[in-house]
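According to this note's numbering, the stretch in the sequence shown is residues 229 to 735, in order. Backbone N, C-alpha and C define an ideal beta-carbon position, used for all residues, glycine too. Written below as structure tokens is the structure these notes are about.
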Amino acid sequence: MSNELLSPSEMTEADRVAIAAGPLDGFGLMRRAGEAIAAVVLRRYPSATRVHVLCGPGNNGGDGYVAARILVGTGVAATIWASGVPKPGSDAAYAAGECPVEPRPLADFTAEAGAVIVDALYGAGLSKPLSGDAARAVEIAARLALPVVAVDLPSGVSGDSGGVLGHAFRATITVTFARKKPGHVLQPGRELCGEIVLADIGITDDVVARIRPRTFENTPALWLGAFPIPEVDAHKYKRGHVGVFSGGPSATGAARLSALAAARTGAGAVTVLSPANAMQVNAMHLTSIMLGKADNAADIEAFIGERRPLAFVLGPGFGVGERARDFALALLSTRKEQGAAIDGVVLDADGITSFRDAPSNLFEAAASTGAPALVMTPHEGEFGRLFPDIADDKTLSKLARARAAARRANATIIYKGADTVIAAPDGRAAINSNGAPWLATAGSGDVLSGIVAALLAQDMPPFEAACAAVWIHAETGSRFGPGLIAEDLPLALVPVLRELLAGRGVL
């Protein structure tokens with residue numbers, strides 16, 4: 229599938245496999261890449277006064293030499309500014325040898341208004357901070373506000389993490405090949421890439437499949453095949469029952485938001501499980517959502533035995549402390565052989581923070597045989613409370629941190645943010661890229677938890693349910709736009725859900 233993401237090392241392996249399989253050799257792939265770059269420049273900037281092609285000594289620079297040769301051949305005024313000389317006998321050296329433009333040293337780089345820059349310096353191959361002449365070129369491009377066409381990745385952006393290594397170009401367009409890399413969708417790389425053009429240079433889907441990628445861009449293609457479709461003879465409990473735990477009398481709203489989102493996302497029945505002293509407050513605000521009392525573990529056990537819920541949300545507005553820990557561990561200790569087939573527990577907000585002093589208790593419960601699937605939805609602060617050592621490791625990308633947390637916790641982790649990462653204990657991970665700033669509003673995360681729980685209750689596997697929930701939540705926020713508050717989200721989910729079901733051939 230085209231939503232696979234390849235790390236720089238996986239892309240190098242894909243190049244190797246493609247060359248071995250033929251018919252193109254390395255230079256053939258380079259020529260295709262250069263042609264794609266030149267085509268973008270010619271199409272997008274037909275009136276450019278000059279194109280400045282900045283070439284590094286490696287394959288990224290080789291792509292630039294090919295692009296410059298094509299541009300000059302079509303009558304475009306092009307200048308090459310070189311940082312280093314390609315290794316003799318390399319594909320980049322052959323490309324430089326075919327190019328009629330005499331390179332000038334990058335140290336002398338100058339540019340003028342009306343020009344376009346092609347950044348073919350380093351791309352994803354950079355492993356150390358961008359400095360010296362390259363950093364100066366970044367400053368010139370920024371000062372003159374020139375459009376930049378980046379080859380593979382803007383030089384200075386890590387292909388693995390999306391982080392900036394010293395300095396980085398801010399590209400208008402980034403032309404990459406075969407598949408995107410994590411650095412294209414993780415922040416700040418996503419913002420610095422501008423528009424991304426994915427060019428076919430002859431690396432086939434079969435080649436990518438041989439790499440066996442475990443990282444994906446979170447799009448419906450990843451999980452739509454598992455998205456729940458109501459059966460013709462479905463009744464409310466057959467469509468899944470979700471229980472959402474409420475906080476005390478002054479903290480009930482978050483649970484109701486989560487519950488309403490679960491109902492809108494297709495759960496046939498949703499119950500808010502309330503402390504006795506908050507029952508009246510919740511009853512005043514609930515209509516289609518049911519209400520039950522849950523003051524202790526015995527109440528939970530009775531509810532499970534009588535109503536057969538399939539998923540729970542614990543945390544929104546619940547309060548931090550022993551009660552949250554006890555409830556979470558009670559849910560995770562429920563076994564299918566005991567006649568209570570709970571599919572999943574979504575732990576959010578206070579439910580996560582309650583385990584900051586004893587995370588191993590939670591992780592061990594999630595790992596025990598027959599335990600319900602655990603999905604956790606931490607933002608940056610909550611992630612740091614539960615995984616302080618992982619959060620503090622600056623050598624790890626957000627993707628790597630999410631993976632490490634999922635393995636340790638035996639849980640699916642939704643590591644929230646502008647570039648939310650979803651990671652499963654088995655190593656699969658997805659990076660979300662359709663988010664919007666409008667979702668940065670109180671209660672938004674409570675809605676997300678309800679969506680996840682509803683999908684779990686409808687038998688969607690945990691990783692796919694988490695990915696689908698994050699995408700649906702983000703898509704809804706993006707479409708609604710300015711003025712969004714959390715109360716808007718549950719109803720605004722409807723058109724997005726309708727389109728997804730139409731994609732499954734239901735509507």
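So, using beta-carbon positions, are residue i and residue j closer together than 8 Å?
| i | j | result |
| --- | --- | --- |
| A506 | P544 | no |
| S661 | R418 | yes |
| D319 | G351 | no |
| L299 | V279 | yes |
| F337 | I308 | no |
| R629 | I642 | no |
| E366 | H412 | Here residue 366 is Val; the residue named in the question, Glu, does not match the sequence. Taking 8 Å as the Cβ cut-off, V366 and H412 do not qualify as a contacting pair. |
| V574 | A556 | no |
| I517 | A487 | yes |
| D347 | L282 | yes |
| T669 | I700 | no |
| R636 | G655 | no |
| S706 | A664 | yes |
| F531 | L501 | yes |
| F473 | A522 | yes |
What does the Cβ neighbour count give for residue i, buried or exposed, with the cut at 16 atoms within 10 Å?
| i | result |
| --- | --- |
| E238 | buried |
| Q508 | exposed |
| H513 | exposed |
| V498 | buried |
| T302 | exposed |
| E703 | buried |
| L234 | buried |
| P456 | buried |
| D674 | buried |
| K622 | exposed |
| T515 | exposed |
| D647 | buried |
| E423 | exposed |
| K736 | Residue 736 lies beyond the range of the chain shown here (229 to 735); nothing can be said about it. |
| D576 | buried |
| A261 | buried |
| R732 | exposed |
| V344 | buried |
Under the three-state reduction of DSSP, which class applies to residue i: helix, strand or coil?
| i | result |
| --- | --- |
| V435 | helix |
| V780 | Absent from the model: residue 780. The displayed extent of the chain is 229 to 735, so no value can be given. |
| G387 | coil |
| H701 | helix |
| F708 | helix |
| Y322 | helix |
| I641 | strand |
| T493 | coil |
| F337 | coil |
| A427 | strand |
| I713 | coil |
| A539 | strand |
| D347 | strand |
| V376 | strand |
| I457 | coil |
List the endpoints of the continuous alpha helix (DSSP H) containing residue i.
| i | result |
| --- | --- |
| Y273 | Where Y273 is concerned, there is no enclosing alpha helix (DSSP H), given that its DSSP letter is neither H nor E. |
| L614 | E608 to L614 |
| D578 | D578 to T581 |
| T404 | Unbroken run through T404 is the beta strand (DSSP E), I401 to F405; no alpha helix (DSSP H). |
| T240 | P236 to A249 |
| V413 | P410 to V413 |
| I368 | G360 to L372 |
| G678 | S672 to A685 |
| V294 | N287 to G301 |
| A511 | M507 to A511 |
Would you mind reading off the limits of the beta strand (DSSP E) that contains residue i?
| i | result |
| --- | --- |
| E445 | T443 to E445 |
| M518 | M518 to K521 |
| W666 | No beta strand (DSSP E) holds W666; DSSP gives it neither H nor E. |
| M604 | A601 to M604 |
| L501 | A497 to S502 |
| V279 | V279 to C283 |
| I650 | V649 to A651 |
| V574 | G572 to L575 |
| A658 | A657 to I659 |
| A595 | It is not in any beta strand (DSSP E) - A595 instead sits in the alpha helix (DSSP H) that spans P587 to A595. |
| A306 | A306 to A310 |
State the CB to CB distance for the pair residue i and residue j, rounded to an integer number of angstroms; the pair is presumed to be in contact (CB under 8 Å).
| i | j | result |
| --- | --- | --- |
| A490 | G256 | Their Cβ separation, rounded to whole angstroms, is 53 Å, which puts A490 and G256 out of contact at 8 Å. |
| F583 | L559 | That belief does not hold up - the Cβ atoms of F583 and L559 are roughly 13 Å apart, past 8 Å. |
| A552 | G579 | 5 Å |
| N288 | G353 | 6 Å |
| A685 | A526 | So it is not a contact: roughly 23 Å between Cβ atoms. |
| T737 | L721 | Since the first and last residues shown for the chain are 229 and 735, residue 737 lies out of range. |
| P314 | L728 | Contact doesn't hold; Cβ gap of about 48 Å is too wide. |
| A362 | L372 | Not confirmed; about 16 Å, so no contact. |
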